[in-house]
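Order-wise, the sequence lines are chains A and B.
Using this note's numbering, count along the first sequence one by one with no gaps and you end on 232.
Using this note's numbering, count along the second sequence one by one with no gaps and you end on 464.
There are 2 protein chains.
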Amino acid sequence: MTARPGSWQAIEAEVLRRIHARDWPPGSAIPNEADLAQSFGVARATVNRALQSLAEAGILDRRRKAGTRVALHPVRRATLRIPILRHEVEAAGQPYACRLLARDEAPAPEVVTQALRLPSDAPLLHLRALHLAGGAPHALEERWVNAAAVPAILSAPLDTISANEWLVANAPFTSGDFSIAAANATTDEAAALACQPGAALVEVLRTTWDGARPITWVRLLHAPGYRMRMAL
Amino acid sequence: MTARPGSWQAIEAEVLRRIHARDWPPGSAIPNEADLAQSFGVARATVNRALQSLAEAGILDRRRKAGTRVALHPVRRATLRIPILRHEVEAAGQPYACRLLARDEAPAPEVVTQALRLPSDAPLLHLRALHLAGGAPHALEERWVNAAAVPAILSAPLDTISANEWLVANAPFTSGDFSIAAANATTDEAAALACQPGAALVEVLRTTWDGARPITWVRLLHAPGYRMRMAL
DNA sequence: GAGTGGTCTAGACCACGGG
DNA sequence: CCGTGGTCTAGACCACTCG
């Protein structure tokens, strides 16, 4: 488990140790790369690799000329892996299924068109699907797809493959928003998810873009008991 | 905005372009580093930097000898910044306050001791606090601190500084778990958060460790309307 | 202006792991 | 075995930004 002496991981661990040991307290400046390299007996590039890793993790603040400082408030970052629902379910050892509940091209609500920065009369494909895990409802998906950006979706076999999965394979995106909140189940949602009306549900909102072109807006309502886990 | 030609960012962008353009479709192998370096006219280390960046982002799968492949299912990662609550509130332009509701050393529930992998009779400090934003309830915090690992907390002025902030400054951690779920407000919680009983609340569970030593377990209940946002 | 991090190069050796 | 990625080195130049 211990990194090879002289490796950048070893340097990283040693720097971390000194920070935790308060040798280098929060807010203080640490020696520059050249000095550290000499004192550790490695090349500067190796020190650079270690410090960049720590900076990326938010442990250090680095600025040219100003030098490297221990972050005053180490803003912790958690990385959330967002799997395809099918994979998530199957990874839990349960059979997955997806049922297409609705599909139409009705005009989208303002919330959606505004989030996608599209005119309110833009032609959007509307989909509603229920994801099942082991026969039980897992999540309810409400989706709007920008048909202008992904015309092929109009002829996609969405009763065979979930829109989620089809889009991942056919419409790569470059950026997006992702947010999590809690919502009480409406009577309709409760019926679809086989839970009590008013039950607390995890609500995930996602918008994706390919460059400047909006691709899709989706709202996922997870069945009660759902929990998103990450490591710190 | 465009990266300098020959920089690793430029290589990264070009590789990304070829992936999006389906020159290198999902699952396919791409040339090895040496070949790419030659064709791009840069050193192998530069190509390595670019490909490592893409691998870290989940776009590429890299294995020694097996080479580099375009990830079949680009598992998207969202990085969530976990700020100190006070900062989060103040960043929203609202005055922050924290009220300590309870503090005792009663035995902890099994859920807590098990999550911390401690014997069920381990001495834990129990805290309950209400975080306020602009005078309105923002989040309810239920916390258990491993007094054995952080004895100084027993004499910390927790009516002045939130336990959250005190721990960040005085008890660095090396790893932790983080999970998000939704919960209906109990009558007690509703009273504290000034909302309706049964309201859907975002529940955050966090456990932190310093090496093998458990530090703290905390449950945060956010007031209705709370939303965690991240970029993809 | 000058110090510091950011990056590139050319070359080398190593570790992993597929065939 | 041996090809591929992972990493280290020594040296160099650049870019940013603080003073």
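For every residue, glycine included, the Cβ atom is placed at its ideal position computed from N, Cα and C.
As assigned by DSSP and simplified to three states, the class of residue i
i	result
L118 of chain A	coil
P383 of chain B	helix
E374 of chain B	strand
A266 of chain B	helix
L124 of chain A	strand
D442 of chain B	strand
R294 of chain B	strand
H87 of chain A	helix
A231 of chain A	strand
H252 of chain B	helix
L283 of chain B	helix
R76 of chain A	strand
T448 of chain B	strand
V111 of chain A	helix
V302 of chain B	strand
R44 of chain A	helix
Q289 of chain B	Correcting the residue identity first, residue 289 of chain B is Ala in this sequence and not Gln. Coil.
A29 of chain A	strand
I11 of chain A	helix
A169 of chain A	helix
A163 of chain A	helix
Cross-chain neighbours of residue i in chain B, by beta carbon under 8 Å
i	result
H131 of chain A	In chain order: nothing, as chain B lies at least about 16 Å away.
T46 of chain A	Within chain B, no residue comes near T46 of chain A; the closest Cβ sits about 13 Å away, beyond 8 Å.
T208 of chain A	L464
C-beta atoms of residue i and residue j nearer than 8 Å
i	j	result
D442 of chain B	A381 of chain B	yes
Q94 of chain A	G67 of chain A	no
T216 of chain A	R309 of chain B	no
T207 of chain A	A106 of chain A	no
D336 of chain B	H363 of chain B	no
L124 of chain A	V111 of chain A	no
S411 of chain B	R213 of chain A	no
H87 of chain A	H305 of chain B	yes
A242 of chain B	A235 of chain B	yes
D29 of chain A	R69 of chain A	The residue you asked about is not Asp; residue 29 of chain A is Ala in the sequence shown. Going by C-beta atoms, A29 of chain A is nearer than 8 Å to R69 of chain A.
A401 of chain B	N416 of chain B	no
E90 of chain A	L140 of chain A	no
A303 of chain B	I291 of chain B	yes
A414 of chain B	L433 of chain B	yes
P369 of chain B	A324 of chain B	no
L180 of chain B	A361 of chain B	Residue numbering for chain B in the displayed model covers 233 to 464; residue 180 of chain B lies beyond these limits and cannot be assessed.
A287 of chain B	V279 of chain B	no
R219 of chain A	L205 of chain A	yes
V247 of chain B	R81 of chain A	no
R461 of chain B	D159 of chain A	no
Residues that residue i contacts on chain B, provided the C-beta gap is smaller than 7 Å
i	result
H20 of chain A	P404
Residues that residue i contacts on chain A, provided the C-beta gap is smaller than 7 Å
i	result
L348 of chain B	Residues of chain A passing the Cβ test: none, with the nearest at roughly 15 Å.
R281 of chain B	By Cβ distance, chain A contributes nothing, its closest Cβ being about 10 Å from R281 of chain B, past 7 Å.
Residue i: contacting residues in chain A (beta-carbon distance under 8 Å)
i	result
V400 of chain B	H73 and P74
Under 9 Å from the C-beta of residue i: neighbouring residues of chain B
i	result
A231 of chain A	S407, G408, D409 and F410
Cross-chain neighbours of residue i in chain A, by beta carbon under 9 Å
i	result
R375 of chain B	Here the premise fails: no neighbours, minimum Cβ distance about 16 Å.
Y328 of chain B	Within 9 Å Cβ-Cβ: nothing; Y328 of chain B doesn't reach chain A, min ~14 Å.
Notebook entry, point to check: What are the residues of the stretch 306-324 of chain B that lie near chain A, defined by any Cβ-Cβ distance shorter than 8 Å?
Noted result: Taking a C-beta cut-off of 8 Å against chain A, the contacting residues of the stretch 306-324 of chain B are P306, V307, R308, R309, A310, T311, L312, R313, I314, P315, I316 and H319, listed in chain order.
Next item on the list: Give, in chain order, every residue of the stretch 175-204 of chain A whose Cβ lies closer than 9 Å to some Cβ of chain B.
Entry: S175, G176, D177, F178, S179, I180, A181, A182, A183, N184, A185, G198, A199, A200, L201, V202 and E203
Notebook entry, point to check: What residue ranges within the stretch 403-438 of chain B form continuous alpha helix (DSSP H) runs of no fewer than 4 residues, ordered along the chain?
Noted result: Runs found: 419-425.
Notebook entry, point to check: Given a limit of 9 Å on CB to CB distance, which residues of the stretch 212-230 of chain A reach chain B?
Noted result: Flagged, chain order: H222, P224, G225, Y226, R227, M228, R229 and M230.
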